[in-house]
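Since the structure comes first, as structure tokens, the remarks are kept for the end.
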Amino acid sequence: MKILCVAEKPSIAKEVSKILSGGRFQVRNSQNKYIKNYDFKFSFPNQANCDVTMTSVAGHLINIDFPPSFQWGKCVPGKLFDAAVIEKVLKQDIFDNISKEARNSNKLMIWTDCDREGEYIGYEIFKAANKGNRQIEVGDIWRSKFSHLERNHVLRAANNPIKLDLKAVDAVSCRMEIDLRVGASFTRLLTEGLKSKSIIDKGDVASYGTCQFPTLGFVVDRYKRVKNFTPEQFWYIQVDLEKDDVKCNFNWTRGHFFDRLHVMNLYQECLKHKEGKIIKLEQRRTTNWRPLPLTTVELQKDCSSIFKMSAKDALGAAEKLYNRGFLSYPRTETDKFPASFDFKTIFGRQKSDPRWGNHATELFDNGYENPRAGKHDDNAHPPIHPVNYVNINELAADEKKVYEYVVRRFLACCCKDAVGQQTTATLKWGIELFTANGLMVTERNYLDVYPYKKWESSKQLPKFQQGDMVSIKNGVMKDGKTSPPNHMTEAELISLMDINGIGTDATIAEHIEKIVSRSYVVKQKKGKVEYIIPTPLGMGLIESFDKMHFDNISLSKPFLRKKLELSLDQISKGETTKETVLEDMKMLYRQAYSISNQNMVNLVDHCKTVIQANS
DNA sequence: GCAAGGTC
Numbered sequence: 001m002k003i004l005c006v007a008e009k010p011s012i013a014k015e016v017s018k019i020l021s022g023g024r025f026q027v028r029n030s031q032n033k034y035i036k037n038y039d040f041k042f043s044f045p046n047q048a049n050c051d052v053t054m055t056s057v058a059g060h061l062i063n064i065d066f067p068p069s070f071q072w073g074k075c076v077p078g079k080l081f082d083a084a085v086i087e088k089v090l091k092q093d094i095f096d097n098i099s100k101e102a103r104n105s106n107k108l109m110i111w112t113d114c115d116r117e118g119e120y121i122g123y124e125i126f127k128a129a130n131k132g133n134r135q136i137e138v139g140d141i142w143r144s145k146f147s148h149l150e151r152n153h154v155l156r157a158a159n160n161p162i163k164l165d166l167k168a169v170d171a172v173s174c175r176m177e178i179d180l181r182v183g184a185s186f187t188r189l190l191t192e193g194l195k196s197k198s199i200i201d202k203g204d205v206a207s208y209g210t211c212q213f214p215t216l217g218f219v220v221d222r223y224k225r226v227k228n229f230t231p232e233q234f235w236y237i238q239v240d241l242e243k244d245d246v247k248c249n250f251n252w253t254r255g256h257f258f259d260r261l262h263v264m265n266l267y268q269e270c271l272k273h274k275e276g277k278i279i280k281l282e283q284r285r286t287t288n289w290r291p292l293p294l295t296t297v298e299l300q301k302d303c304s305s306i307f308k309m310s311a312k313d314a315l316g317a318a319e320k321l322y323n324r325g326f327l328s329y330p331r332t333e334t335d336k337f338p339a340s341f342d343f344k345t346i347f348g349r350q351k352s353d354p355r356w357g358n359h360a361t362e363l364f365d366n367g368y369e370n371p372r373a374g375k376h377d378d379n380a381h382p383p384i385h386p387v388n389y390v391n392i393n394e395l396a397a398d399e400k401k402v403y404e405y406v407v408r409r410f411l412a413c414c415c416k417d418a419v420g421q422q423t424t425a426t427l428k429w430g431i432e433l434f435t436a437n438g439l440m441v442t443e444r445n446y447l448d449v450y451p452y453k454k455w456e457s458s459k460q461l462p463k464f465q466q467g468d469m470v471s472i473k474n475g476v477m478k479d480g481k482t483s484p485p486n487h488m489t490e491a492e493l494i495s496l497m498d499i500n501g502i503g504t505d506a507t508i509a510e511h512i513e514k515i516v517s518r519s520y521v522v523k524q525k526k527g528k529v530e531y532i533i534p535t536p537l538g539m540g541l542i543e544s545f546d547k548m549h550f551d552n553i554s555l556s557k558p559f560l561r562k563k564l565e566l567s568l569d570q571i572s573k574g575e576t577t578k579e580t581v582l583e584d585m586k587m588l589y590r591q592a593y594s595i596s597n598q599n600m601v602n603l604v605d606h607c608k609t610v611i612q613a614n615s
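First residue of the first sequence? That's 1 in my numbering, and the numbers climb one at a time after it.
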């Protein structure tokens with residue numbers, strides 16, 4: 001019995017081979033320099049002593065496209081909603097390796113990631129295998145269900161194969177088709193329309209995508225909120241006290257009011273009293289929680305705000321560190337460690353570092369806290385954590401920062417929360433209440449290894465006693481203005497995309513880069529912070545789409561993408577079919593396309609107006 | 001020349 005096992009990426013093929021073979025395997029090269037074939041023996045249930053070849057793909061093997069007669073310029077873009085779709089092999093050498101290895105195999109076992117795309121990649125692998133060996137049938141494939149590379153977990157997966165989930169395969173196939181039809185049709189429409197009036201240059205493309213436009217929409221929306229903001233004046237009362245040479249501010253518990261006369265009346269009442277009374281003095285223990293285990297989105301947000309690194313560069317650096325074995329897999333949504341995770345080994349490897357080695361040693365020798373568990377699990381990868389030690393002086397600039405950050409984050413996860421004492425004094429002046437806070441950090445704990453988070457003792461309050469009468473010399477009525485929101489930072493944009501389901505951990509950075517490269521937005525530095533600002537072209541496009549009267553949908557907002565995601569889940573659960581969803585979504589987008597097509601003159605005019613107004 | 005999703 002000969003079994004062909006195929007994983008989603010080379011690193012998984014290698015690790016699984018090590019575990020199943022007990023370290024006794026032979027390696028053969030393939031035509032692709034990253035892809036290896038591992039040969040070994042393994043006993044599957046009811047199939048003792050099988051010859052196994054384990055290999056991998058590198059992501060998707062096959063892409064979809066339109067036939068030649070529907071290529072750019074060969075038809076009107078509206079035809080693309082109903083055009084045929086053909087498959088194209090993306091990586092012929094990897095495809096051929098699977099076909100060839102399948103030829104003398106009796107069975108195919110899929111070891112792709114345990115998520116929707118992984119299921120579909122499994123189906124692509126089946127097609128490659130079937131091409132080499134027609135005996136291999138889709139109903140007869142083994143599918144291994146594993147979510148991390150712990151030895152017993154992998155062995156259990158090998159011994160309990162399930163079937164390929166064809167509903168999940170349908171869901172992904174549906175997503176691919178919608179993204180292609182919508183993206184290609186609208187992109188051609190926009191590009192030709194804007195080019196005809198020289199709004200974009202000859203070689204340029206004005207792309208539309210189901211992810212890139214909602215992303216652009218978020219940026220434009222924020223920009224307009226900043227621009228349209230009108231400050232409002234407000235009034236409030238504040239008391240400054242001094243006792244034993246210590247000054248402190250008491251803030252009004254009512255905050256502020258937009259009615260000057262109202263505040264004036266309350267203030268007049270206060271002024272009738274020369275003294276106030278400390279009516280309450282509270283001392284409370286507060287904790288500042290250690291961070292959660294690290295996901296891709298968190299890594300990108302933090303690298304953007306702490307190091308001013310773009311999301312793409314942060315992920316790029318993490319990938320390089322992963323490929324050299326220093327970090328775990330960097331694309332993960334999981335924010336809890338598996339129960340069996342071996343923390344101690346990893347502390348041990350970090351003990352010698354001059355910067356954080358003492359913290360690792362402390363955790364290694366004196367015990368550690370189990371990290372907090374978040375609510376997300378992608379069932380494919382653990383949180384990002386250091387694997388092997390490297391001296392950061394040997395790394396490139398970005399990699400240095402990312403490695404140190406990941407190690408410190410990991411160690412911080414295993415430390416105790418920080419603890420402080422918060423003192424709150426409540427002052428009553430007339431009938432108005434004011435409070436002052438003082439914080440004393442008593443146990444820094446995780447903060448010592450994690451300098452990215454600031455939680456510091458504030459100025460201490462004077463030594464009040466409950467019931468103290470204090471003379472009020474400086475109780476004043478003040479005014480202020482509401483301030484506009486800030487422009488969008490990359491970290492905020494990543495959060496918005498994540499919350500709204502735009503893109504995935506692996507693609508969020510690419511969508512942001514895409515709208516930069518299309519000149520829909522620019523990154524602009526103001527002081528120390530970098531903001532993402534829409535260009536007139538980006539503004540014009542979003543505003544034009546928002547002006548069109550679609551039926552209950554919007555091309556610039558995340559709702560349609562969200563609807564698609566929900567429908568895909570329903571396909572996976574068997575509550576609806578791929579065909580129904582395809583027809584549904586195609587109808588919605590076809591209508592939107594037809595309205596956009598009719599309004600192209602207005603769209604082009606509006607873009608031109610916005611561009612001229614800003615030049 | 002178009003999308004978004006994998007990964008090297």
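Even glycine gets a Cβ: it sits at the ideal position worked out from N, Cα and C.
When DSSP builds the beta bridges, which residues end up paired with K523?
Stepping through the first sequence from its first residue, residue 523 is reached at position 523. I532, per the DSSP bridge assignment.
Starting from the C-beta of T507, find all residues in its chain whose C-beta is less than 8 Å away, skip the five residues before and the five after it, and write them out in chain order.
For this step, residue 507 is matched to residue 507 along the first sequence. Apart from sequence neighbours up to five positions away, the residues of its chain that approach T507 with a beta-carbon distance below 8 Å are C211, ordered along the chain.
Hey, out of G480, L149, M488, whose CA is closest to Q233's CA?
As a first step, residue 233 must be located in the first sequence, where it is residue number 233. The shortest C-alpha separation from Q233 is found at G480.
Quick test of the definition: if touching needs 3 or more C-beta pairs under 8 Å, does the segment 585-601 touch the segment 177-185?
Between the segment 585-601 and the segment 177-185 there are three or more inter-stretch CB-CB distances shorter than 8 Å, so the stretches are counted as touching.
Please work out which residues of its chain come closer than 6 Å, Cβ to Cβ, to A206, disregarding the five sequence neighbours upstream and downstream, and give them in chain order.
Here residue 206 is taken as the residue at index 206 of the first sequence, counted from 1. In the same chain as A206, and ignoring 5 residues on each side of it, the C-beta atoms closer than 6 Å to its own belong to L190, T191, L194, I200, in chain order.
What three-state label does DSSP hand P386 in the structure shown?
On the first sequence, position 386 is the one that residue 386 refers to. Strand.
If you measure between the beta carbons of Y450 and P291, is that distance less than 8 Å?
Reading the first sequence from its first residue, position 450 is the one you call residue 450. Reading the first sequence from its first residue, position 291 is the one you call residue 291. Yes, these two residues count as a Cβ contact at 8 Å.
Taking only the alpha-carbon atoms, compute the straight-line gap between E456 and N288 and give it to the nearest angstrom.
The residue labelled residue 456 in the question sits at position 456 within the first sequence. The residue labelled residue 288 in the question sits at position 288 within the first sequence. Whole-angstrom Cα-Cα distance: 11 Å.
In or out: P534 buried (at least 16 other Cβ within 10 Å) or exposed?
Walking along the first sequence from the start, residue 534 turns up at place 534. Buried, by the Cβ-count rule.
Select from K562, T489, H606 the residue whose C-alpha is nearest the C-alpha of K528.
Residue 528 sits at position 528 when you count from the first residue of the first sequence. Looking at the Cα atoms, T489 is the closest of the given residues.
V8: buried (16+ other C-beta within 10 angstroms of its C-beta) or exposed?
Counting from one through the first sequence, the residue named residue 8 turns up at place 8. Before going on, a small fix: residue 8 reads as Glu here, not Val. E8 is buried by the Cβ-count criterion.
List the endpoints of the continuous beta strand (DSSP E) containing I64.
Position 64 of the first sequence, counting from 1, holds the residue named residue 64. Its beta strand (DSSP E) spans residues 62-65.
Would you kindly report the start and end of the unbroken beta strand (DSSP E) that includes D51?
Here the question's residue 51 lines up with position 51 in the first sequence. First-last of the beta strand (DSSP E) with D51: 47-56.
Using a 10 Å radius around the Cβ and a threshold of 16 neighbouring Cβ atoms, would you call K107 buried or exposed?
Within the first sequence, numbered from 1, the residue matching residue 107 stands at position 107. By the 10 Å Cβ count, K107 comes out buried.
Do Y368 and F341 come within 8 Å of each other at the CB atom, strictly closer than that value?
Counting from one through the first sequence, the residue named residue 341 turns up at place 341. Counting from one through the first sequence, the residue named residue 368 turns up at place 368. No; because the gap between Cβ atoms is not below 8 Å, this pair is not in contact.
How many Å lie between N486 and L261 at the Cα?
The residue you call residue 486 lines up with position 486 of the first sequence. The residue you call residue 261 lines up with position 261 of the first sequence. CA-to-CA, the gap between N486 and L261 works out to about 31 Å.
Which residues does DSSP pair with I110 in a beta bridge?
Against the first sequence, residue 110 aligns to sequence position 110. Beta-bridge pairing links I110 to V6, R143.
Quick one: Cα of P67 to Cα of A84, how far?
Position 67 of the first sequence holds residue 67. Position 84 of the first sequence holds residue 84. P67 and A84: Cα-Cα distance of roughly 7 Å.
Quick test of the definition: if touching needs 3 or more C-beta pairs under 8 Å, does the segment 390-408 touch the segment 245-264?
no
Looking at H381 and Y322, is the spacing between their C-beta atoms short of 8 Å?
As a position in the first sequence, residue 322 is number 322, starting the count at 1. As a position in the first sequence, residue 381 is number 381, starting the count at 1. Their beta carbons are not under 8 Å apart, which means Y322 does not touch H381 by this criterion.
If I279 sits next to K428, beta carbons under 8 Å apart, how far is it from one beta carbon to the other, in whole angstroms?
Walking along the first sequence from the start, residue 279 turns up at place 279. Walking along the first sequence from the start, residue 428 turns up at place 428. Cβ atoms of I279 and K428 come within 8 Å of each other, at about 5 Å.
Just the C-alpha distance for C50 and F42, rounded to the nearest angstrom, thanks.
Taking the first residue of the first sequence as 1, we reach residue 50 at position 50. Taking the first residue of the first sequence as 1, we reach residue 42 at position 42. Approximately 5 Å between the Cα atoms of the pair.
For the segment 169-253, list the alpha helix (DSSP H) runs that are entirely contained and at least 4 residues long, ordered along the chain.
212-227
Apart from the five residues on each side of it in sequence, which residues of its chain come closer than 6 Å, Cβ to Cβ, to D539?
In the first sequence, residue 539 corresponds to position 539, counting from 1. Asp is not the amino acid found at residue 539; the sequence shown has Met there. Counting only Cβ-Cβ distances below 6 Å, and skipping sequence neighbours, we find V220, V610.
Determine the closest residue to E362 out of N370, C413, K351, E579, with distance taken between C-alpha atoms.
Within the first sequence, the letter at position 362 stands for residue 362. It is K351 whose Cα lies nearest to the Cα of E362.
CB K36 to CB N29, shorter than 8 Å?
The residue you call residue 36 lines up with position 36 of the first sequence. The residue you call residue 29 lines up with position 29 of the first sequence. Closer than 8 Å, so yes.
Where does the unbroken alpha helix (DSSP H) through N152 begin, and where does it stop?
Taking the first sequence and counting its residues from 1, the one referred to as residue 152 is at position 152. Unbroken alpha helix (DSSP H) run through N152: 151-159.
Alpha carbon to alpha carbon, how far is F44 from Q26? Give it in angstroms, no decimals.
Counting from one through the first sequence, the residue named residue 26 turns up at place 26. Counting from one through the first sequence, the residue named residue 44 turns up at place 44. Going by the C-alpha atoms only, they are around 19 Å apart.
Return the chain-ordered ranges of every alpha helix (DSSP H) run that is complete within the segment 256-308 and spans a minimum of 4 residues.
Under the rule that a run must span 4 or more residues, the alpha helix (DSSP H) segments found entirely inside the segment 256-308 read 260-271, 296-307.
Hey, could you find the ends of the beta strand (DSSP E) F347 is sitting in?
As a first step, residue 347 is located in the first sequence; it is residue number 347 there, counting from the start. Looking at the DSSP string, F347 is not in any beta strand (DSSP E); the run it does join, the alpha helix (DSSP H), is 343-350.
Go through its chain and collect everything with a Cβ distance to K364's Cβ below 8 Å, but skip five positions before and after it.
Position 364 of the first sequence holds residue 364. The amino acid at residue 364 is misidentified as Lys; the sequence shows Phe. In chain order, K344, F347, G348, K351 place their CB closer than 8 Å to the CB of F364, counting only its own chain and leaving out the 5 sequence neighbours on each side.
Touch check for the segment 402-415 and the segment 307-321: three-plus C-beta pairs under 8 Å?
yes
Between the C-alpha atoms of G430 and L461, what's the straight-line distance to the nearest angstrom?
Looking up residue 430 in the first sequence gives position 430. Looking up residue 461 in the first sequence gives position 461. Answer to the nearest angstrom: the Cα atoms are 22 Å apart.
With a 10 Å radius around its C-beta and 16 neighbouring C-beta atoms as the bar for buried, classify N445 as buried or exposed.
For this step, residue 445 is matched to residue 445 along the first sequence. Its Cβ being crowded by 16 or more others within 10 Å, N445 is buried.
What span of residues does the alpha helix (DSSP H) with M587 cover, start to end?
Indexing the first sequence from 1 puts residue 587 at position 587. Start and end: 578-598.
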